[in-house]
Each structure stands twice: as C-alpha cells, then as structure tokens.
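Below you'll find the structure, written out as structure tokens, and then a few comments.
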Amino acid sequence: MEAIKSLINFLSYPQWSFTLSLVLFWLAMRSKLLWTKAGGWVLLALITLFFGLAMLDPNFFVVVAKPDNVPIVMMVYLVGFFWWFAMHKAHENDRRIADGEPTFEKSESEDRIFTWPDLVFSEFICMVLLTVGMVLWSILLKAPLEEPANTSVAPNPSKAPWYFLGLQEMLVYFDPWMAGVVLPGLIIVGLMAIPYIDTNKKGNGYYTLKERRTEIWLFMFGFLILWCELIVIGTFLRGPNWNFFGPFEYWDVNKVEPLVNVDLSELIWIQILGVGLPSNFLLREIFGIVFTGFYFLVLPVILIKNKFVNRFYQDMGPTRYYVGMTLFLTMMLMPIKMYLRWFLNLKYFVHIQEFFLNL
Amino acid sequence: MAAPKKTPDRHYDFTSMNKWFAWSSLALLLITVWMIFEDYAKPWKRFQAEFRELERQELAQEAEAERQRIDQDEIARIQAEIESEEARLDEQRSDLDELQDRLADLDDKVYEADVDARTTKSHLDTERFSYDVAQQTGDADKIAAASLAVDTRRATYQENRIALEAFTEQRAQVKAEIDRKMAGLSEDQAQLIALQGGLEALESRVADLGKGLDYFLLNAPVMDMLEPNLRIDQVQLTGLYQNINFTTVDRVDRCVTCHVAATRAGFDEEKWEEPFRSHPRLDLFVSSSSPHPYTQFGCTTCHGGLDRATDFARAGHSPESEEQKAEWKHEWGWEKQKYLDTPILPAKYSEAGCIGCHAGNVWTPSSTTQDTGRELIMRMGCYGCHKIDYPAYTDLPRSGPSLERVASKTNPAWAYKWIEAPRDFHPTTWMPHFFFQENIEGELNEERQRAEIRSVVAYIWDRSEEVSYPAPPRGSSDRGETLFDTVGCTGCHLRDDEANRDDYYPQFNRMHGPNLVRTGSKVDPGWLFAWIKDPKAYNPETRMPSLRLTDQEAADLVAYLMSSRDPAFENLTLPEVDGEVRDELVLTYLQGTQTIEQSRATLGSMDDTARDVYLGQQTITKYGCFGCHNVAGFEDVKPIGVELTEEGSKPIHQFDFGHIHDVPHTRQDWIKTKMLQPRIWDHGKETVKDYAELYRMPDFGMSDREAEAIVANVLGFTKESVVTARRADQTPGAAALANGRKLITRFNCQGCHLIEDIGQAIKTSITDPGLWPPNLAAEGARVQSDWLFEYLHDPGIESMRPWLNVRMPTFGFQDGDVNTVLSYFAAREGRDAFLSEPGRPDQRDLTVGQGVFAMLQCAKCHPAGPVDTSAGVSAAELAPSLLLARDRLRHDWVDDWIKDPLSFVTGTKMPVFFSQLDDGSYSSPLAQGIDLPMWRGEKDRMLRHFDSEAELKEYLADAEKVTAAMRDHIWWGLKRGS
C-alpha cells in the first residue's frame, strides 16, 4: 500500500502528472468505449474507488475533507459527468448522422412538452431536493471560519478562491504581470472571440464530435488541462509556501525544495556559449526576443504550409487565422513554459527588468 | 428504471413524479426539523436546565430545614391573635366598610383630578409655545390673544391642582383612619411574615424553578423569542478591548451562560462540579463588592478565551494535562481551537492574566506564583538576553557580578572550572550551564567547548584589571562564624553545600548573593578582606552593602569564610586544548566577514594568545555573557535573545517544536519545556545544523514549579491592550509603589525586613525574635521622611535598637534611590511624604502625658538610655528608644499608634491599652486606673491642672485626648540625656 502511495505521490508531481494527463486526455478523446453507459459507470466507479481508498490515508483525508475543499471534490464529479454526458451524446449523434437518422436534439424537439405540469413540476422537485442537499450540507459541515485576519500573519498556504486557483498556479511559471493580467485578459478576450473566429457552421444545436473534432479538442484541452487540472493541483497538491505535495504527503511547513531558476539569456550566453552576459539588454535578451518573435510572428506563417493547418487557413481567411493562431499559441505558451521550467529551470524567455518586461 | 408510461399530453410518468414529490417533500420536512433542532439544542441550555434542577433540589432541602426550624407553636399563637383581632374588627364592620367605600371613592377622584391636572398642564405648555410663535409674527392682536389663552389655561391648571391636592389629603385621612382601626391586625401579620417570610421566599423560589407547562412553552423553539428561562447571559465590557488585528473591539463575555454560579457565593468545590461552581476568592474577584466585579471586568479579560463563545470547545478551554485532555475530549467534545490566538489560560497559569492591568505594579497584589516567577526572572537575569519591555525588567543592572577586575579576585583555572559547570561549585547558583548540554555531545563538540571556555577565560583575563591585595590580619574563624550568623550576612547569603534552590521556593532572598560554601577555594583572602570592608571600592556598581565592619571583624569573617574549602577546586591548571579545533572555530568566525583565503591569512598572522582572545570575544558574543556580567569591551552590545514583550501573543506556529512529538503544541508547554530543557528542540538535528547554529539558551537547573512560575509571567506578556483608565498600575501612587518595589527586590531589603508581609529571610539564622530586623509595615505612616533620608544614607549614625547584633548595612544609595524608597513608603500608606512642625501644647497636656506615660510603664520596653541585655531583660521585650522620637517619628503617627497598634502592624509586641468600641471610637481604662493607690502621686500632679477630679477623669476617659497627651509628652517632654 505504502509503495502504491509513494508511486502516486511521485507521479503526481506536476512534470509527470501533467504529462500523464496529456496522455490520458489524448486517449480519452480518441476512445469510444469510455463514452458508452458502461464506460461512464466504470469511470464513476474508478474515481469513487480512488477517493474512497485514498480517504483512508490521514494526509489525504485532511486536505480533501477540509470544508473549503468539498466543492472541488464535487467539481471533479460534475466536470467528469458533463464531459461524459456531452461525449456520450456526441458519439451517439455521430452514429445517427452516419446512419442518416435525425440527431437526439432533432427528435426531442419534435416531442411536445408541457410547461405545466411537466416542466414546472420537475423543476419544483429538483428545487426541493437541492434545498435538502444544501441544508444537509450546512448542518454536517460547519462554516470554515478562521481567526480574525492579521496583517502580520499570512495564512500558509495563502490560497486564492478555488475558481482562481488555476490563475494562482500560473503565477508559478509566469511573471505576475503576465499571469495576473495579460493571460487572464486574453482568456476572456479569446472566449469572446470564439464565435467570430469559428467558421465551422456544424454542430450548431446538437452534440457532435466528428464534425468539430479540432475545435472540441482545442477547447477541451484549454478547459480541462489548463484550467480544471490546475484548480485541482492548486487545491489538493499545493501546500505551505506553495510547495508541491503528493496527495498522500504530509503538508510540512518546513519543506524545502531546491530552486535556482535561470533566464534563457543566462542559459545560452553563459552555460552554452561560455561568455558573460552582454551589458546591452537588447543584445543580452536577443535569443528570447528572437524566439518570441519567431513563435508569434513566423510560426503562424510557416504553419500555413502544413496541410492540416492550411485547411483552416483556407476556411477562415488570413485575419481570423492570425487572430485565432495568436490566441492558440498564447495558450500553448503555458505548457511549453511549464516543461521548460521543470526540465531546464527556465525562469524567463525574455527578462528585461529595466522595463519590468518579463516573459 | 422502467420505461416511462407516457400519455399523449404528458412527457413524464406522473405516478412516479408524485412519488418523487412525496418523498422529497418528506425529506425536506425532516431536514427542516433537524435544522431547527440543531439550531435550538445548544449545549449551554443543557447546563442551565441541569443547574436549575440542582438548585431547585438544594433550595427544597433548605426549605425543608427552615420548616423544621420554625416554631409552630409561635405561629399558632399569632394566628389565634389574628383571629381574635379579626373578630373584634367584625363588630365595627359597618364603620370599616363605610371607610373602605369612601377610600375607593376617593381613589377614583384622585385619579380623575390627576388626569385633569396633567391634561391642563400639557395644554398650558402648548399655549405657551403658541405665544412664542405669536411673538415672532409681531402681530399685536395675535400676541394679546395668545397671552390671554395662556392666562386662562394657567388659571384652570391652578384650580385642577387645588382639587387634586384636596382629594389627596382626604384620601390620606381616610387611609390613616382605616390603618388606625386595623393596627393590631397589621402588627400580628407583620410578625407572622417575619417568622414565615424566609420559608415562603424559599418555597416560591422552589416553585419558580419547577418545570411546569410555562417552562416548556417559554423555552420551546420559536417561542423562546419571548421571555425564555434559558438564555445567553452576557456582559459588555466597555474599554476592555480585545485585539482583532485590524482593530480593537469591546469584549462581550458570555461565560456565565454555562458557568451559571460563578458570580454567586455558596457553590463550593466540595459539593458542586464545574460548570456549577462559585468563582474562588469572591472577595477578590467577580462579586460586585470585590475589586474586580464581573460586570466591569468580565472573565476573558483575565482568563483569555473566546469571549462570545457559548460552546465548550469554541470557548478555548485549555486542559492542564494529557489526562484532562482525554477526559474533555470524551465528555465535552473538546478539540484544539487552532484559529484562536488566545485560548483560556490553564488554571495553574491563570495569574498570567493579571499582567494586562498590573504589569506596572511590579508585585501583583495577591498573586503568588506570578510574583515568584517575576523574582526568578529578575534573579536569573532573563532580561539580560531577552528584552522584556515591562517596568519590572527595564533599567535594571546586570544580574551577575562585574568581570572587569576579576583577575584580582580569583584565578583563571578556577574560572574555567566554574564556567564548565557552575552548579558543581555552588549548588544554588543562578549562573546557568552553557556547556556540555544535550545538543552538543560527541568528542569533537567537547573539544570545541573546551576551546571556547578557555578562550572566554583568556579574553576576560586579558581585559581584566589586576590589583594585588595585602594579606588580611589574623582572625578567628569561630568569632567569624558568630558574626556571620548575626551581623546580617545571612539575609542575602547561604553557606550550605546541601542547599537546594527549590527548598526555598517561593522566596529566594537568601540566594540574593552567592552561596558562600567553598569560598576558600575560590577567592584570594586579601581580596576578600578588602571586599567585605568596602565592596564599592572594588566594584562601584555592586549591590553588596558595607556592614561597617571593623578590621578585626572583617578579619574574623575572612577567616571563617576561607575555612570552607574543596580540594577538587584547588591547585587547578587550565586544561590543554586541541589547537586545530580552536583554529577551526576561529576560522569559522573570521569567515563571517572575510573570504576563506583572507581568513586563513588573518589566522596565520595571529599568535596563540591572540587566537584565544579573539575566540573568547566571539564566544562571549555567541553566548551573550555580557547580558548578566559587565565585560570589558561589551558595554553597549545589544542582548542576544528573542524579545519577550509580546511572547504571550506569539502565534503558536512560530514556535519551533523540532522533532519533539510528546510536547503538546501550546505556548505554555513550549515555554515550560524550553525552561527545563533549553536545548531540546535541537534533538535529531544536532549533526545537520552547523555548530554555531545550535541553540544556545543555557540550563538554569530549574525545578518544575520554578519553570511554571516563569511561564505564569511570560504567558501574560501579550499585546492585548487595556485602556489606561482601567489599569491598576495607572492609579495615583502606582508608579511610586512600582519603583519602590523594584528597588526593594534589587537591594533585597526583604532579606532582613518584612515588607508587605513578605521577607525576613534572615530569621532562619537568628532564633530570638527580639533580635530580628524590624517589620516595615506602616513605615510611611511612622517615620519622618527627612529622618529616613538621612538614615538610609548613613544607617551608622544612630541606633534605635542598640541591643540588636544585626546591622542595617550602608548601601551607598544615590539620592534618587533614597527618594524612591521615601515615595514608596508614603504611597503605601497614602500619606504625604512631609508634615509641618506641630505647635507646642499647653502644660496640662504635657503633665497628663507624662503621668500616663508612667502609668502605662512605657519606659519598661522603650529604653531611654544604653541597654544592658545581660541584666535579665530579654531583647524580645525591648522596643525602640523614644529619645529619637522627635527626630524620627511622624507627629500624627504617635497617638494613632498608641491608640491602636494592631491596625498598623499585625502581631506587634506593642500592648493594646485602648479597646475599640462598636462605633469605632476607643475606650480608655485610665479614668479607673488613676484611683489605684500606686498612682497617687501622678494623680495629684495632674489634678493641679484641673478644676475637679471629675474633670480629670473625663479627660482620662477620652482616648483621643489621652493619646494626644502621651504623644505630646514623647515629643516635647523626653529629652536626650535626660
């Protein structure tokens, strides 16, 4: 048991768990079996079995059973359910479309449903059950009140509200100006831009995977991996001093992690080229600037040559393509930076402290 | 799930929907009931209900006892009287009835007239306002009309008042008439009430406490908004803030919601269990007549805890032991409140709560543990390394002896052995063990420590002045021993190899100076002779006073003190130290400011002595020796320890418990453990930490209760603030008291004197109570400040008790110190420090005074000349010479003292001649005594000043006059040399 726990602890460290989740995401999105009813039940059973067994571990229990963290556990189930639900319907619809049958939504919309009593009555029952659930929750789990706030004693770990934990996790890898302002701003702008960039008219009003495979992959990657997973990490796996702890590790305040991060400029000028840092900051950061320029300005153009991308370029036209590609590349900067941090201790691509410009 | 049976118009199966609805509604109902129950069934209600029942049973028993006590025959007699009285009244029933009718009628009339009068009055006020309004319009007609309205209304009001007063008067007459007729009956009824009233009150109280239908209705959920019996009992404490970091808020204490009997007397430990006990010492705490009434001070002000909590665990109760913790967990669902910064102080540390208001008092009245702890902190010199910003611990001299001239006193080898383990030499010493502790074991570490100790000695000797003293004259050890035991040394010093500090708990006056055992192996006799003759010559800052010893006395004492030797501490040599280890330590220190290369070069440039001295300097810096000793070169160095001023508020997570798991995570347990095992938190880290990083706090060899006494102080060093107006140490005179007390501790006055009922430690070596140094109770009321000022500067000038062997030492006080003492005594008695010179009385008073002085045989104990104790007069019977009275005593004191000595000094030998009467005045026995044949002569002499014997006797019967006359005689009649 201890061996399994330490294996899980080891695997849950971000470089491995993130890689693992990428693989699992890829497998899941390609799987058919998972999205059948049986697959759903197995998934539910597996998650519940994991939580149930893991709760026997005191360290896991302390973190998961904290009243603040209960909503995150619910979130795991809810996100899982809705993902399964959407994929289940999408696969079913894809089958129906292939067989020339009408989609779920099509056939349902032809059914006549009365507002009264069908809709109102069922809504009312849901309301009663929800009330029962909420009252039960409030009786069984007391409000997690703490001591009066104190300017001289910050709680350790200091955590953002759960829905912002993804952002807080980004702070580990990016300058606060990037992680706190630019990237969240782009997330919102990007979400708003989707309807204007997306030229694929299919999948409108019904679930489908086949007809919008790339779009769904892209969105699910951003939402599940870069948002939900970071929230789960931030909630359950980040302990005192924002150090990383495996699910069965004790949150030791005194844990020390070796942490000497280097900039891209230092990496290249000193470690690879073996010469000192140039004093001119433009020259010093030249590699970072070139890389960034290449990444955002040249890469989209090169990618047009790719057959798969070219199809989108043709459909979307240059404006939509470049806006969409910039947003996509910005999103991908996150995993890229994460991997570079884990394996090269990279601090910043471009680090011009003269202008507080850090990327 | 079965496939839904759809009808054409229905999407869902409604039989099943209805079932869903029914079940979910039922669930909602149940959960609502549960919610109300959760909200309603608070634990404090259980306590209150239980206490109510227990109290009811108790009162029922009392009522039963009362019933047994009441004399039934007496009741029967009174009842018979009432009946006969009623029978008598029946005869004039018609008259009485008529009177009653008239009374009822007049009641109505008075009521009516009163309503009329008040109505007219309110109209009158309105008219007057209208008149003001009319005035502002300036319209003459309107003004006139308004004025008329006011006058009319005033006239009506006048009539109404006359009517009201007339009816009231008539009613009073009728009522008096009725009372007169029924007087006999009322008297009997009053008697009956006097007899039975107590019982009836008890019975009605028992009935009130019963649980009838009304009780259940009033306390039912929702209904309890009206007037429930079970309710939260709270008190808001304006000005006693609690700190919630961003702001301070008034405390709102709810403790008595569960501790229902805390403020009431009679619920004592033997019979009642918590939470139903009375607070201990209600004379001092909680009760409305105590100095700390509950309504003004609440509970959490002193005890800590969450003021608003009404739940056992959330209130922050702190268990005293692991057993209690287990019991509480089981019984009350106790759990640690990790978010509560100020949990309730465990009972044994509750005195820590006094500090909030009494910090400046230096001695907290009626606190015992805490005062002991304060004394320990001062004697152990904790303040030398840890800043403690409280009046008791600031501006104090260093607690250990000066090392600036130590080379004249002893030798380096002895010093080495002393530093290594001070308690091996002096079992009771305050000097702690710095070396060979649990966190620095192993061969290499031992070698390092030897190098450190040697270097410290090297540094001190390098900087020390060296004076050589001639050998002392020959003395007798036997005479020295007698002198040692009687002249006053034993007020501050022990000479006892078996002594154990803990045996002296809670007072350590005799450990003020070092234990003088083995002195012969420590010091140079020439130095010792010079030192006891004049301590200030060696160290101007020393607290050791001069006893004005003659050369012979000093020589005898030296002979006696030098006779205590221990071969284990003689002919010592300094141990050899491994030079490499020493150099490695030197390098480590050098590398703090130099590169590795530079440090090697620096080391190379130093010779052996320079290396030792350098390491010594660094080691003294490391261990903070200068916190307690004057060390040359360390005059202005800051103390090395953590500041303790707010230690009691330090968040628990800032305490390092290291790898120690069996110490509960509370402030008090951490601090206590640290006191007892200062290096314990290094356990398991000894090899990982650098040598210089290891904990350095030394081991004072504390006993459990010494550590707890200190904890009872440190827990009180909090950042909680109390407004100045509520602080006991901000009252007038408090500063004078505090400074005086500090000085008293500093110079160990209580080693010899009884002050505030503490002290006279010297008693252990002087057996005859007549030879003890005086009790200084009421000193501020007794002596003149001018005299005391001179006396404290030079106690050798004159002696009021020439028969004593013990000498008041010469401390070499500064004027400021002496004034501190004067202000202290004055503040203690609440008197002005100075009095004006009284006028001369007339001859009659002086004659009476002289006569009474003789009659009361004052001179028998108060000698007027040299005393020959060999002539069969025991020292226990002697009192101070009254020849000094005029110079020494306060004029207003003498008669007060003669009149009632016990009110000033309990247990004084001064006889009581005048007994106090119930009304507070004093009776004098002298009017009778004067007729005794033996006082014939006195009587004749006095009579010359009186017109008659009766007049004389009247004078003598007046205690005030007689004592004043005695005072005048002592003041004016006694002369030096007469």
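As given, the protein sequences belong to chains A and B, one line each in that order. Counting in this note's numbering, the first sequence tops out at residue 1144, every number present. Counting in this note's numbering, the second sequence tops out at residue 999, every number present. The beta-carbon is built from N, C-alpha and C at its ideal position, and this holds for glycine as well.
{"Asked": "In the DSSP assignment, find the unbroken beta strand (DSSP E) run with B/Gln-263 in it and report its ends.", "Found": "256-264"}
{"Asked": "Take B/Leu-117 as the anchor and find which of B/Ala-286, B/Glu-487, B/Glu-198, B/Thr-158 has the nearest alpha-carbon.", "Found": "B/Glu-198"}
{"Asked": "Let me know the secondary structure DSSP gives B/Arg-688 once reduced to three states.", "Found": "helix"}
{"Asked": "What's the call for B/His-324, buried or exposed, on a 16-neighbour Cβ count within 10 Å?", "Found": "buried"}
{"Asked": "Rounded to whole angstroms, what's the CA-CA distance from B/Asp-863 to B/Met-963? Just pull it up for me.", "Found": "13 angstroms"}
{"Asked": "Closer than 8 angstroms, CB to CB, is B/Leu-59 near chain A or not?", "Found": "In the sequence under discussion, the amino acid at residue 59 of chain B is Glu, which differs from the Leu named in the question. Output row for B/Glu-59: interface = yes."}
{"Asked": "Taking DSSP as the reference, what is the three-state secondary structure of B/Gln-937?", "Found": "strand"}
{"Asked": "Run through chain A and tell me which residues come within less than 7 angstroms of B/Pro-672, C-beta to C-beta.", "Found": "Val-938"}
{"Asked": "Nearest to B/Gly-669 by CA position, among B/Asp-690, B/Val-658, B/Gly-679, is which residue?", "Found": "B/Asp-690"}
{"Asked": "Can you find a C-beta in chain B that's less than 8 angstroms from the C-beta of A/Phe-795?", "Found": "no"}
{"Asked": "B/Ala-334 and B/Trp-355: beta carbons closer than 8 angstroms?", "Found": "yes"}
{"Asked": "Determine whether the Cβ of B/Trp-355 lies closer than 8 angstroms to any Cβ atom of chain A.", "Found": "no"}
{"Asked": "Here's a check: name, in chain order, each residue in its chain whose Cβ is nearer than 6 angstroms to the Cβ of B/Gln-255, leaving out the five neighbours to either side.", "Found": "Val-273, Arg-275"}
{"Asked": "Is the distance from the Cβ of B/Val-898 to the Cβ of B/Cys-879 below 8 angstroms?", "Found": "One point to set straight first is that residue 898 of chain B is Glu, not Val, in the sequence displayed. Taking 8 angstroms as the Cβ cut-off, B/Glu-898 and B/Cys-879 do not qualify as a contacting pair."}
{"Asked": "Given 8 angstroms as the limit, is there contact between the stretch 1041-1052 of chain A and the stretch 1130-1137 of chain A, that is, 3 or more CB pairs closer than that?", "Found": "yes"}
{"Asked": "Pick helix, strand or coil for B/Thr-503, following the three-state DSSP scheme.", "Found": "helix"}
{"Asked": "Taking the straight line between their C-alpha atoms, what separation do you get for B/Met-22 and A/Trp-826?", "Found": "With a pLDDT of 43 at B/Met-22, under the threshold of 50, the modelled position of that residue is not reliable, and the figure given next carries that caveat. B/Met-22 and A/Trp-826: Cα-Cα distance of roughly 16 angstroms."}
{"Asked": "In the DSSP assignment, what are the bridge partners of B/Leu-775?", "Found": "B/Gly-780, B/Asn-796"}
{"Asked": "Does DSSP classify B/His-313 as helix, strand or coil?", "Found": "strand"}
{"Asked": "Please list, in chain order, the residues of the stretch 344-370 of chain B that have any C-beta partner in chain A closer than 7 angstroms.", "Found": "Tyr-360, Leu-361, Asp-362"}
{"Asked": "Should A/Leu-819 be labelled buried (16 or more other beta-carbon atoms within 10 Å of its own) or exposed?", "Found": "buried"}
{"Asked": "Have a look at B/Thr-788, B/Thr-766, B/Lys-740 and flag the residue whose alpha-carbon is nearest the alpha-carbon of B/Ala-413.", "Found": "B/Thr-766"}
{"Asked": "Run down chain B in chain order and give the residues with a C-beta less than 7 angstroms from the C-beta of A/Pro-933.", "Found": "Ile-265, Asn-266"}
{"Asked": "For B/His-680, go through chain A and note every residue whose CB falls closer than 9 angstroms to its CB, in chain order.", "Found": "The contacting residues do not exist; B/His-680 stays about 11 angstroms from chain A at best."}
{"Asked": "From A/Asn-1026 to B/Ala-373, what does the alpha carbon distance come to, in whole angstroms?", "Found": "34 angstroms"}
{"Asked": "Going by DSSP in three states, B/Met-22 sits in which element: helix, strand or coil?", "Found": "The predicted position of B/Met-22 is uncertain, since its pLDDT is 43 and thus under 50; no value can be drawn from it."}
{"Asked": "For A/Asn-1143, which of helix, strand or coil comes out of DSSP?", "Found": "strand"}
{"Asked": "8 angstroms is my cut-off, CB to CB: does B/Ile-253 come that close to chain A?", "Found": "no"}
{"Asked": "How far does the beta strand (DSSP E) with B/Val-270 in it extend, from its first residue to its last?", "Found": "269-274"}
{"Asked": "Who are the Cβ neighbours of B/Ile-453 in its own chain at under 6 angstroms, not counting the five residues just before and after it?", "Found": "Going by the sequence as given, residue 453 of chain B is Pro instead of Ile. Around B/Pro-453: Pro-719, Asp-720, Phe-721."}
{"Asked": "For B/Ser-1000, would you say it is in contact with chain A, using Cβ-to-Cβ distances shorter than 8 angstroms as the test?", "Found": "Given a span of 22 to 999 for chain B in the structure shown, any question on residue 1000 of chain B remains unanswerable."}
{"Asked": "I want to see whether chain B comes within less than 8 angstroms of A/Asp-1037, judged by CB atoms only; does it?", "Found": "no"}
{"Asked": "From B/Ala-222 to B/Trp-353, what does the alpha carbon distance come to, in whole angstroms?", "Found": "36 angstroms"}
{"Asked": "State the DSSP-derived secondary structure class of B/Ser-567, mapped to helix, strand or coil.", "Found": "strand"}
{"Asked": "Taking B/Phe-263 as the reference, which of B/Ala-283, B/Phe-297, B/Phe-318 has the closest Cα?", "Found": "Rather than Phe, the amino acid found at residue 263 of chain B in this sequence is Gln. Checking every option, the nearest Cα to that of B/Gln-263 belongs to B/Phe-318."}
{"Asked": "What's the C-alpha gap between A/Leu-829 and B/Lys-695?", "Found": "52 angstroms"}
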